[in-house]
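Trainee: Residue numbers (my numbering), protein chains in the order written: chain A, 247 to 355; chain B, 2 to 114. Where a beta carbon is used, it is the ideal one built from N, C-alpha and C, also for glycine. Quick caveat, the model's predicted, so the values are computed rather than measured. My questions all concern the structure below.
Here it is, written out as structure tokens:
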């Protein structure tokens, strides 16, 4: 069975401070990991895929297979980063996205 | 490309009525997924459809809920005899096939009064 855990429901940081959103997963095969962002009741937008190894809006995430983690990091948070962030997993031979419960990030001035 | 289009954006129904939620996938996408987001919770998979076929409906309640994706037209998520517990945001996602990224719609927020 596949499972995604985001232990922090709420995260509040000051503008300019580093931010890290934790994501742990369990999956027996080779997973594909994603981070999605949802700004104030809007659609979910793909932020990162682990296979692309990109940095989007200053965010990065590294897949750590040993720790089964895919934490999202940004060195300097901005107010516009305030949003709901979801970690999601899909198997390479699978089709469903399994989502974590989400982390609401609030960046304070 | 207009992206994944969902309508209506907001839907209010009285208990016992039917709710019909529509999803038009991105052009060229033949795979459609429906997810439900309950207040203060993450997204839960409901059903996966390809054109005219239901591939996996394991996340959908056995009663009152049904989904279709006809050869022509949008995918429809239908909820019969709605109850207050059906109030949620329903998101549709589409993709071109396995191995491709998912694109989400803006969702339909269903409120049952």
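What residue does the beta strand (DSSP E) around residue 343 of chain A start on, and which one ends it?
Mentor: Careful: residue 343 of chain A lies outside any beta strand (DSSP E) and carries neither H nor E.
Trainee: For residue 251 of chain A, which of A:274, A:284, A:315, A:287 has the nearest alpha-carbon?
Mentor: A:315
Trainee: Could you tell me which chain B residues have their CB closer than 7 Å to the CB of residue 248 of chain A, listed as they occur along the chain?
Mentor: Result: empty, since nearest Cβ-Cβ is about 11 Å, beyond 7 Å.
Trainee: Report the neighbours of residue 331 of chain A on chain B: residues whose CB is nearer than 7 Å to its CB, in chain order.
Mentor: Neighbours of residue 331 of chain A on chain B: none; closest Cβ ~11 Å, over 7 Å.
Trainee: Tell whether a beta-carbon distance below 8 Å holds between residue 354 of chain A and residue 108 of chain B.
Mentor: no
Trainee: Under 8 Å between C-beta atoms, does residue 101 of chain B make it to chain E?
Mentor: The displayed structure is made up of protein chains A and B, and chain E is not among them.
Trainee: Sort out for me which residues DSSP pairs residue 251 of chain A with in a bridge.
Mentor: A:270
Trainee: Taking residue 33 of chain B as the reference, which of B:114, B:113, B:17, B:97 has the closest Cα?
Mentor: B:97
Trainee: DSSP on residue 41 of chain B, reduced to helix/strand/coil?
Mentor: coil
Trainee: Per the contact definition of three or more C-beta pairs closer than 8 Å, is the region 8 to 20 of chain B in contact with the region 302 to 317 of chain A?
Mentor: no
Trainee: Which bits of chain A does residue 107 of chain B rub up against, with CB to CB less than 8 Å?
Mentor: The contacting residues are 288, 289.
Trainee: Does residue 64 of chain B have its Cβ less than 8 Å from a Cβ in chain A?
Mentor: no
Trainee: CA-CA distance, residue 275 of chain A and residue 300 of chain A?
Mentor: 23 Å
Trainee: Measure how close the beta-carbons of residue 248 of chain A and residue 335 of chain A come, nearest whole angstrom, since I'm counting them as under 8 Å.
Mentor: 6 Å
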